[in-house]
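Quick note on numbering: the sequence shown equals residues 54 to 464 in the working numbering.
Cβ coordinates follow ideal geometry from the N, Cα and C atoms, glycine included.
Fair warning: this is a prediction, and the values are worked out from it, not measured in the lab.
Each remark here refers to the structure printed beneath this line.
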Amino acid sequence: MHDHILASRPRSAISDIIMYGSSYIAFAPYGEYWRHARKLVTTHMLSVKKVQSFRSDRMEEVSMAMAKINEAATTSGTVDTSELLNSFSNDMASRIVSGKFFLKDGRSKLFRELINDTSRLLGGFNLEEYFPALGRAGVLKRAVCAKAERVRNRWADLLDKVIDDRVSKRKSAFDHKDGDFVDILPSIQPEYDLTREHMKALLTDVFFGATDTSANVLEFTLAELMRKPHFMGKLQDEVRSIIPGGQEIVSQSDMNNMVYLRAVIKKPLRLYPVAPLLAPHLAMADCTIHGYMVPAGTRVVINAWAVGRDSSSWEGAEEFIPERFTDKGTATNVNFKGNDFQFLPFGPGRRICPGINLGIANVEFMLANLVNHFDWELPVGVERKNIYMTEVFGLTVRRKEKLLLIPKSRM
């Protein structure tokens, strides 16, 4: 109803520093730059067709993860699934954005550090945004902004190397269909009037969006399945009934019939949204929301965490019931595409996350292979009731404790 009026973002001192004046799509003010940047990323990185083209990358990364788990299974060893899933998401993002550039020379570790530092800064409580007088007094600038500038400079050093490395290797005849995102950016720079700063902000945007989200959703999902073995068994039965015997990796075509798997994934998206407080909206004109007058210039924050637990919208709101999303469930037709306002893990309207297709494809594919290849047990002395879902807050939210599990191979 008020989508257009609330389509902008408030300025943030931290975002302006790290993202070169809010050139980051998620935080860019509504306008011409945001429209062009979103179109660029959607067309060349996040369209359904482009996401499908990453199929071989997904299969290779998942195959490597399965091999690591299998090594532990042969010795009844424990797997740090938190680290494993983070590495998968990290390496997957690196491959589709910049080929294998980040997988060399220890860059992967630096990349992970920068993602974590950026999340803490952008997701932190910044006093200046709620008490503007502190901003005028320079309190924030002397403290948090100094940290943001250091993170921005580290990102800049790394991304300049990525861009320069790719520009020096580019062929005179370049095919958009085969290139990764770093290949594409220099080739379309004139068309979109991109500066070097725009390119670095867009790369940071895509790296950040493609990394934490998938890993966190996968970890919350696996943790819930370990707490509720009945649902784990039901999911394994579905996946294993679809996969031909002896097939090493679940194929993309196999995924089309995994209805229960999709229902299972919706549960952590509802109860543990990756961004519990969605990026703030800015009212560009006066409007009325549920009887409240919202003046132009007001920040409007959507609490996706509370929306997903609202007992007036969800029967048994706190319970893990994947069946509610299946054919006979109470939420059969509810999806996360932004049209059902009781379920907004990716946001609504014009500012909905453009990376839904990529994130869900990665999560579904990895989860299907995890439950198809292995049975999972808890370490000695750990009980299911002691798998805590306590969260660590940032721009994105993750589990506080590592999820340590023992895999048992069935292949």
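Tell me whether residue 226 sits in a helix, a strand or coil according to DSSP, three-state version. Since pLDDT at residue 226 reaches only 47, below the 50 mark, its modelled position is unreliable, and no value is offered.
At a cut of 8 Å, does the region 291–301 reach the region 266–274 through at least three beta carbon pairs? no
Taking residue 168 as part of the alpha helix (DSSP H), name the residues at either end of that continuous run. 160–176
Coil, strand or helix - residue 453 by DSSP: coil
I need the boundaries of the beta strand (DSSP E) containing residue 430, first residue and last residue. Looking at the DSSP string, the run of the beta strand (DSSP E) that includes residue 430 is 427–430.
Leaving out five residues before and five after residue 142 in sequence, what residues of the same chain have Cβ atoms less than 6 Å from its Cβ? 264, 267 and 268
Under 8 Å, do residue 172 and residue 448 count as touching if we go by C-beta distance? yes
Let's test the definition: count the other Cβ atoms within 10 Å of the Cβ of residue 225 and tell me whether it reaches 16, buried, or not, exposed. Annotation note: pLDDT 47 at residue 225 (below 50); position unreliable, coordinate value reported separately. Burial call: exposed.
Quick check on residue 334: does DSSP put it in helix, strand or coil? strand
From the DSSP secondary-structure annotation, give me the bridge partner or partners of residue 340. 347
Of the listed residues 55, 463, 442 and 462, nearest to residue 453 (C-alpha basis): 442
Quick check: the Cα distance between residue 122 and residue 308, rounded to an integer number of angstroms? 22 Å
Could you tell me which residues DSSP puts in a beta bridge with residue 465? One cannot answer for residue 465 here, as it falls past the ends of the chain, which runs 54 to 464.
Straight-line Cα distance separating residue 357 from residue 329: 5 Å
Rounded C-alpha distance that separates residue 384 from residue 409: 20 Å
Once the 5 residues before and after residue 3 are set aside, which same chain residues still bring their CB inside 7 Å of it? With the chain running from 54 to 464 in the structure shown, residue 3 is simply not present.
Chain-order list of residues whose beta-carbon lies under 6 Å from that of residue 87 (same chain, five-residue window excluded): 81
Contact under 8 Å by Cβ, residue 288 with residue 424: yes
Can you list, in chain order, the residues of its chain with a C-beta nearer than 8 Å to that of residue 68? Leave out the 5 residues immediately preceding and following it. 75, 77, 80 and 175
Could you tell me the alpha carbon to alpha carbon distance between residue 366 and residue 59, rounded to whole angstroms? 23 Å
Return the CA-CA distance between residue 199 and residue 61, expressed in angstroms with no decimal places. 26 Å
From 262, 170, 127 and 336, residue whose alpha carbon lies closest to that of residue 349: 336
According to DSSP, what are the bridge partners of residue 356? 330
Measure the beta-carbon distance from residue 170 to residue 215 and round it to whole angstroms, keeping in mind my assumption that it falls under 8 Å. No, residue 170 and residue 215 are not in contact; Cβ-Cβ is about 18 Å, not under 8 Å.
May I have the straight-line CA-CA distance separating residue 209 from residue 253, to the nearest angstrom? 7 Å
Apart from the five residues on each side of it in sequence, which residues of its chain come closer than 6 Å, Cβ to Cβ, to residue 412? 266 and 267
With a cut-off of 8 Å, do at least 3 Cβ pairs link the region 130–138 to the region 113–122? yes
Tell me whether residue 257 is buried or exposed, calling it buried when 16 or more other Cβ atoms sit within 10 Å of its Cβ. buried
When you compare only the Cα positions, how much space is there between residue 323 and residue 99? 23 Å
Any contact between the region 106–116 and the region 145–153? By contact I mean 3 or more CB pairs, one from each, below 8 Å. Taking a contact to require three or more Cβ pairs closer than 8 Å, the region 106–116 and the region 145–153 qualify as touching.
Around the Cβ of residue 326, are there at least 16 other Cβ atoms within 10 angstroms (buried) or fewer (exposed)? buried
Helix, strand or coil at residue 61 [DSSP, three-state]: strand
Please work out which residues of its chain come closer than 6 Å, Cβ to Cβ, to residue 55, disregarding the five sequence neighbours upstream and downstream, and give them in chain order. 340
Do you know whose CA, among 394, 292 and 396, lies nearest residue 422's CA? 292
Through-space distance from residue 458 to residue 432, alpha-carbon basis: 6 Å
Boundaries (first-last residue) of the alpha helix (DSSP H) holding residue 86: Element bounds for residue 86: 85–94.
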